[in-house]
């Protein structure tokens with residue numbers, strides 16, 4: 001592992017992947033909250049013809065022109081999507097689908113055309129489909145780093161504007177904020193993240209690096225700030241881990257590995273996150289069910305005591321079951337005993353165990369039957 | 001060049017010849033509307049009659065194909081910060097990771113200006129606005145954990161914190177419980193007593209007379225407008241709601257051709 005880390009290429013790839021993950025994680029948080037995840041997908045697929053265009057114009061695999069081409073066709077695709085939504089009756093999802101597939105088809109046709117022409121460099125173009133970490137150069141890191149810093153500066157400077165536009169764009173516009181420009185800035189930054197991610201992750205899977213860290217981060221946080229930070233951290237970790245794994249096992253494409261790790265983060269977060277996680281929610285639901293059935297035992301005992309005009313009325317298990325219409329689990333009875341709300345007593349000459357409400361039990365039962373009436377209260 | 005000349009400044013809201021189309025069909029057709037300052041006005045009409053579109057167009061969120069809008073004589077872009085807006089509650093994603101207080105602070109973002117963060121005074125004002133709506137205990141609650149009525153109160157607090165002379169609310173009573181409705185109406189009445197103009201898209205005809213003093217009835221075009229006492233008539237109700245209308249409230253109870261069930265339009269607009 002140390003040998004691996006001391007390699008210059010591996011260092012570059014590792015740093016590049018982590019940087020890309022952090023940038024796309026940060027910007028992806030906004031894309032996800034604005035419910036524009038799929039715009040990222042369309043933009044990244046639409047970048048492919050631009051990659052080919054840049055290749056043809058530059059006459060080789062010059063990164064600058066390739067990325068400029070990707071940015072150009074990505075922007076063109078975004079523009080066409082907006083036109084379709086505005087000028088036709090098609091909805092956004094249909095416009096996205098059409099633009100995504102048409103641009104991608106053009107890209108694949110161009111790609112195969114260039115490869116048919118031959119030339120050693122043209123083989124490298126295939127890596128833009130699924131990404132190839134080893135293709136990252138040390139000089140690329142400077143571009144990514146500078147772009148990342150610029151994006152971070154913009155997010156910090158326009159923090160409250162980005163937040164408001166992501167939450168409620170109409171309200172922002174009614175306040176006089178230039179919402180079109182703010183949304184444009186967010187979209188351009190997402191396009192930027194996609195473009196720098198192309199050679200690492202590839203056009204097909206790039207969107208996952210935008211969505212997955214943000215989706216995972218949302219599970220753990222209660223504020224936009226921590227969500228963006230955590231999303232960037234998840235992205236960086238997924239990028240770094242993916243780069244390491246694919247560097248240590250030859251033949252594993254970096255992009256898909258990074259995406260799989262990011263998706264694993266999502267899966268884990270969906271399951272175990274406090275409050276929002278499925279496991280937490282299942283446990284909470286179980287605890288709630290237990291409380292309800294314990295409450296029913298208490299009120300049944302209370303009813304029986306009332307019916308017999310005896311606060312220390314001792315109920316047999318069969319009596320309880322009949323009053324409730326179903327047998328409460330023994331665990332519930334034990335839990336109530338532990339909570340000090342009922343106690344087990346004997347009631348000679350009968351030999352079976354009996355239960356009666358304690359003082360606390362009476363109070364709890366009264367409270368429960370009291371809250372029953374305002375069940376329609378305005379609580380979530 | 002900024003045009004400083006005022007046009008119809010005697011009205012809080014003046015709309016003239018306004019037409020808006022979605023596709024080929026007009027959503028609003030030749031709307032002429034004047035709401036005097038200091039009233040609490042209801043805008044009513046059946047679903048799809050363009051009530052929300054009218055508000056959005058007035059606020060500059062929807063571009064009209066013809067006509068103009070003035071608030072106190074000025075175009076809306078010169079009135080930013082002086083018009084509080086409460087959009088429909090369902091227009092946003094309440095799973096957004098933020099707190100009630102934070103949402104209310106958003107009402108101050110326009111005033112705070114670029115590159116600056118809300119300060120302690122802003123935070124205090126947000127809390128005051130929440131208190132006005134009885135929501136101070138929920139300031140640090142996640143908005144996803146609020147009930148519908150509580151979310152609506154947060155939205156109104158966000159407009160309240162702007163301290164605007166004109167307040168525009170889109171269906172604030174839709175899907176809220178009776179307690180919240182009472183809190184909202186009480187607040188709006190107090191704001192009207194301070195001389196503010198309040199314009200509400202409303203769906204419940206039975207409460208028009210008790211809540212409001214000005215009424216606009218529309219169905220793509222304006223049917224009637226004026227003080228509630230003069231405007232809330234069986235003829236106007238029939239013209240606005242057509243055959244959907246049956247018996248409505250007591251004040252207009254001379255309506256006799258009631259052959260369908262009461263439709264107070266509880267569905268949401270859009």
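Protein chains in written order, with my numbering: chain C, 1 to 380; chain H, 1 to 270.
Note that CB positions come from ideal geometry on N, CA and C, so glycine has one too.
Take residue i and list the residues in its own chain whose beta-carbon comes closer than 7 angstroms to its own, dropping the five residues that flank it on each side.
i                      : result
residue 222 of chain C : none
residue 364 of chain C : 298, 341
residue 249 of chain H : With a pLDDT of only 45 at residue 249 of chain H, under the threshold of 50, the placement of this residue in the model should not be trusted, and no figure is reported.
residue 103 of chain H : 143, 154, 158
residue 135 of chain H : 100, 150, 153, 154, 157
residue 173 of chain C : 179
residue 112 of chain H : 118, 122
residue 378 of chain C : For residue 378 of chain C, the predicted model reports a pLDDT of 44, less than 50, meaning its position is unreliable and no value from the coordinates is stated.
residue 133 of chain H : 153, 156, 157, 183, 187
residue 200 of chain C : 16, 17, 20, 131, 133, 136, 254, 255
residue 202 of chain C : 128, 129, 130, 131, 255
Residue i: buried (16+ other C-beta within 10 angstroms of its C-beta) or exposed?
i                      : result
residue 414 of chain C : Outside the modelled stretch of chain C, which goes from 1 to 380, sits residue 414 of chain C, for which no answer is possible.
residue 7 of chain H   : exposed
residue 98 of chain H  : buried
residue 24 of chain C  : buried
residue 126 of chain C : exposed
residue 345 of chain C : exposed
residue 168 of chain C : buried
residue 288 of chain C : exposed
residue 404 of chain C : Summary: the structure shown does not reach residue 404 of chain C, with chain C confined to residues 1 through 380, and so no result is reported for it.
residue 274 of chain C : exposed
residue 170 of chain C : buried
residue 1 of chain H   : Because the pLDDT at residue 1 of chain H is just 49, under 50, the model does not fix this residue reliably, and the value given afterwards should be weighed accordingly. Under this definition residue 1 of chain H is an exposed residue.
residue 196 of chain H : buried
residue 355 of chain C : buried
residue 7 of chain C   : exposed
If I follow the unbroken beta strand (DSSP E) through residue i, where does it start and stop?
i                      : result
residue 30 of chain H  : 25-35
residue 68 of chain H  : 66-71
residue 227 of chain H : 221-227
residue 136 of chain H : Element bounds for residue 136 of chain H: n/a, residue is neither H nor E.
State the CB to CB distance for the pair residue i and residue j, rounded to an integer number of angstroms; the pair is presumed to be in contact (CB under 8 angstroms).
i                      : j                      : result
residue 105 of chain H : residue 68 of chain H  : With 8 angstroms as the limit, residue 105 of chain H and residue 68 of chain H do not qualify as a contact, their Cβ atoms being about 33 angstroms apart.
residue 148 of chain H : residue 89 of chain H  : 7 angstroms
residue 21 of chain H  : residue 65 of chain H  : 6 angstroms
residue 34 of chain C  : residue 226 of chain C : With a Cβ gap of about 18 angstroms, residue 34 of chain C and residue 226 of chain C do not count as contacting.
residue 52 of chain H  : residue 186 of chain H : The Cβ separation is near 24 angstroms, so there is no contact.
residue 46 of chain C  : residue 73 of chain C  : 5 angstroms
residue 41 of chain H  : residue 200 of chain H : 7 angstroms
Pick helix, strand or coil for residue i, following the three-state DSSP scheme.
i                      : result
residue 358 of chain C : coil
residue 74 of chain H  : strand
residue 84 of chain H  : strand
residue 259 of chain C : helix
residue 214 of chain H : strand
residue 173 of chain H : coil
residue 313 of chain C : coil
residue 14 of chain H  : strand
residue 167 of chain H : strand
residue 343 of chain C : strand
residue 41 of chain H  : strand
residue 207 of chain H : helix
residue 352 of chain C : coil
residue 99 of chain H  : strand
residue 180 of chain C : helix
residue 62 of chain H  : coil
residue 85 of chain C  : helix
residue 203 of chain C : coil
residue 142 of chain H : strand
residue 195 of chain C : helix
residue 20 of chain H  : strand
Just to confirm the assignment, what range does the alpha helix (DSSP H) spanning residue i have?
i                      : result
residue 288 of chain C : 278-307
residue 334 of chain C : 330-338
residue 206 of chain C : 206-220
residue 198 of chain H : Unbroken run through residue 198 of chain H is the beta strand (DSSP E), 197-201; no alpha helix (DSSP H).
residue 241 of chain H : 234-241
residue 168 of chain C : Neither: residue 168 of chain C is in no alpha helix (DSSP H) and is coded neither H nor E.
Give me, in chain order, the residues of the same chain whose beta-carbon lies closer than 6 angstroms to that of residue i; leave out the 5 immediate sequence neighbours on both sides.
i                      : result
residue 216 of chain C : 234, 265, 266, 269
residue 217 of chain H : 44, 223, 224, 236, 240
residue 94 of chain C  : none
residue 21 of chain C  : 235, 236, 238, 239
residue 26 of chain C  : 228, 232
Within a Cβ cutoff of 8 angstroms, which residues of the same chain sit near residue i, ignoring the five residues on either side of it in sequence?
i                     : result
residue 94 of chain H : 143, 144, 146, 151
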